[in-house]
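In what follows, a structure is listed as structure tokens, so that the remarks can point back to it.
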Amino acid sequence: MASLLGRSITFAAVSLMGLMSWGAHAQNTSHPSFAVTSVKPYVGDPKPFSVRFDGGRAELGRITVADMLRFCYDLTTDEQIVNLPDWAKKDRWDIQATEEEDISHELETGPLDQRIALMRQLTLELLHERFGLRESKTTRVLSAYELTVSKAGAKVTPAGPVIEGFHGLDGGNGHITANGAPMSLLVMRMSAMPEVQGHPIVDHTGMSGEYNWKLNWTPELSALSANVSDLPSLFEALQQQLGLRLVPTKTAVPAIQVDNITKPSPD
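When the count follows this note's numbering, it moves up by one through the sequence shown with no breaks and lands on 329 for the last residue.
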């Protein structure tokens, strides 16, 4: 998983998963959109998809409609998308886009959550314009996890007003460092871990703002798990090191009902 660095923000998915939390963003227009887009079928090995916004351009590589919907609406699993045709789950696309100058400026400044929310709005509008998407919000009752604060309280440090170095999350499976990261990024990263088995994660911490922390654990599916390790499991590490808990539950989670979707004409 790529880190979130400076002006360039890249998401690389190691599996089909939801990303960061959906949030409102103050805009001059309620429907910000790309200036120009190019959509072409992807032909090649089915490598993980990527979403990159950098320097006035956006690139969505090897991506399916299902991937984009999960990105836009903070969905963890395809079970949260109702009435999506098979081609929208399987067909991959390479998409390139350019941004208007004012939108590009907003993507390079401000709190990370707001910048990510704008990326999602742009991607959603692309789905509306190029794929004819028409959708409505709904809920589905699914097995899920609630992210909560333990009784002893959270063990994270609020980020200062000036964040130096990378901004967000850095590190791979087993070691993550947060520098000015909101809880939504932790939810995103945990939803990709095999330990949660693809179940949605609902943030019930009530913690806004950005935080610094480090998390180290023994990954469930790695060579380390077959050997003696001093590091705890993911669930134990969350509670011991961050003062947070993932609690299994069955609850209503956000979902999207797809009312219309069509294949775009490549250009």
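Just so it is clear, CB atoms sit at the ideal spot from N, CA and C, and this is done for glycine as well.
**OP:** Using the DSSP secondary-structure output, state which residues sit across from Thr311 in a beta bridge.
**Re:** Ala206
**OP:** Could you name the residues of the same chain whose beta carbon sits closer than 7 angstroms to that of Ala150, not counting the 5 residues immediately before and after it, in chain order?
**Re:** Thr126, Val127, Ala128 and Ile323
Original post:
Rounded to whole angstroms, how far is the Cβ of Leu169 from the Cβ of Glu162, which I believe are closer than 8 angstroms?
Top reply: That pair is no contact at about 10 angstroms.
Subject >> Buried/exposed call for Ser327, threshold 16 Cβ in 10 Å >> reply: exposed
Subject >> Residue closest to Ser95, alpha-carbon to alpha-carbon, out of Trp279, Ser166, Met245 and Gln301 >> reply: Ser166
Original post:
Apart from the five residues on each side of it in sequence, which residues of its chain come closer than 8 angstroms, Cβ to Cβ, to Asp140?
Top reply: Leu78, Ala128, Arg132, Leu146 and Lys151
**OP:** Just list the alpha helix (DSSP H) runs in the region 122-203, keeping only unbroken ones of 4 residues or longer that don't cross its boundaries, in chain order.
**Re:** 127-135, 148-152, 163-169 and 174-192
Subject >> Pair within 7 angstroms by beta-carbon distance, Val98 and Glu197 >> reply: no
**OP:** Please say whether His266 and Ser205 have beta carbons closer to each other than 7 angstroms?
**Re:** no
**OP:** Grab me the residues of Leu293's own chain with a C-beta within less than 6 angstroms of its C-beta, minus the 5 sequence neighbours each way, in chain order.
**Re:** Asn278, Trp279 and Thr280
Original post:
When burial is assigned at 16 or more other CB atoms within 10 Å of the CB, is Glu31 buried or exposed?
Top reply: There is simply no residue 31 to check, as the chain begins at 63 and stops at 329 in what is shown.
Original post:
How many angstroms separate the CA atom of Leu231 from the CA atom of Val218?
Top reply: 14 angstroms
Subject >> 8 angstroms CB neighbourhood of Leu137 in its chain, flanking five on each side removed >> reply: Gly80, Leu131, Ile143, Pro262, Pro316, Ala317 and Ile318
Original post:
By the 10 Å Cβ neighbour count, where 16 or more other Cβ atoms means buried, how is Ala175 classified, buried or exposed?
Top reply: Inspection of the sequence shows that residue 175 is occupied by Asp rather than by Ala. Buried.
Original post:
With which residues is Ile263 paired in a DSSP beta bridge?
Top reply: Tyr207
Original post:
Between Leu247 and Glu208, what straight-line distance do the alpha-carbon atoms span, to the nearest angstrom?
Top reply: 15 angstroms
**OP:** State the start and end residues of the unbroken alpha helix (DSSP H) segment that holds Ala299.
**Re:** Leu296 to Ala299
Subject >> Nearest residue (CA-CA) to Val101, options Leu122, Val264 and Ile157 >> reply: Ile157
**OP:** In angstroms with no decimal places, state the Cα-to-Cα distance between Arg119 and Met269.
**Re:** 32 angstroms
Original post:
When we look at the beta-carbon of His229 and count the other beta-carbons within 10 Å, is it buried (16 or more) or exposed?
Top reply: buried
**OP:** Report all residues from its chain with a CB closer than 8 angstroms to the CB of Thr313; omit the five preceding and five following residues, and keep chain order.
**Re:** Val203, Leu204, Ala206, Glu208 and Val264
Original post:
Where does Met269 fall in DSSP's three states?
Top reply: coil
Subject >> Extent of the continuous alpha helix (DSSP H) run through Ser246 >> reply: Met245 to Ser253
**OP:** Please name the residue or residues paired with Asp393 in a DSSP beta bridge.
**Re:** Examination of residue 393 is not possible in this model, given that the chain is present from 63 through 329 alone.
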